[in-house]
Amino acid sequence: MGKSKQRILVGPWRMLSTIAERHRAGESIKELMEDYSLSRSEILGAIAWHKKKSKAAKKGWRTRRAGK
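Here it is as structure tokens:
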């Protein structure tokens with residue numbers, strides 16, 4: 001019997017951030033692919049997105065456009 005996995009539906013930006021943080025915590029890309037039903041390139045894209053977002057936040061850059 002395999003592990004029982006619960007899928008948690010989350011918003012797109014939150015999902016990307018969660019994927020990247022789980023990878024930083026030591027989970028393999030293969031595990032993340034299975035948990036989120038995503039391809040390897042999508043997982044790597046999420047990690048790259050989070051790395052770019054984190055760099056912007058550390059430098060104090062605006063990461064969102066101002067509302068009109």
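Heads up, the sequence shown is in the UniProt record's numbering, so the first residue is 1 and it goes up one at a time. Where is the CB? At the ideal position from N, CA and C, for every residue including glycine. Being a predicted model, the structure only gives us computed values, none of them experimental.
Contacts around residue i, its chain only, beta-carbon distance under 6 angstroms, and the 5 residues preceding and following it disregarded
{"i": "Trp49", "result": "Leu16"}
CB of residue i within 8 angstroms of CB of residue j, strictly
{"i": "Ile29", "j": "Arg40", "result": "yes"}
Same chain, Cβ closer than 8 angstroms to residue i, five either side skipped, listed in chain order
{"i": "Ser32", "result": "As written in the sequence, residue 32 is Leu, which differs from the Ser given in the question. Around Leu32: Ile19, Arg22, His23, Leu38 and Ile43."}
{"i": "Pro12", "result": "none"}
Extent of the continuous alpha helix (DSSP H) to which residue i belongs
{"i": "Ala20", "result": "Pro12 to Arg24"}
{"i": "residue 71", "result": "Summary: the structure shown does not reach residue 71, with the chain confined to residues 1 through 68, and so no result is reported for it."}
Residue i burial status per 10 Å Cβ neighbour count (16 or more: buried)
{"i": "Ala46", "result": "buried"}
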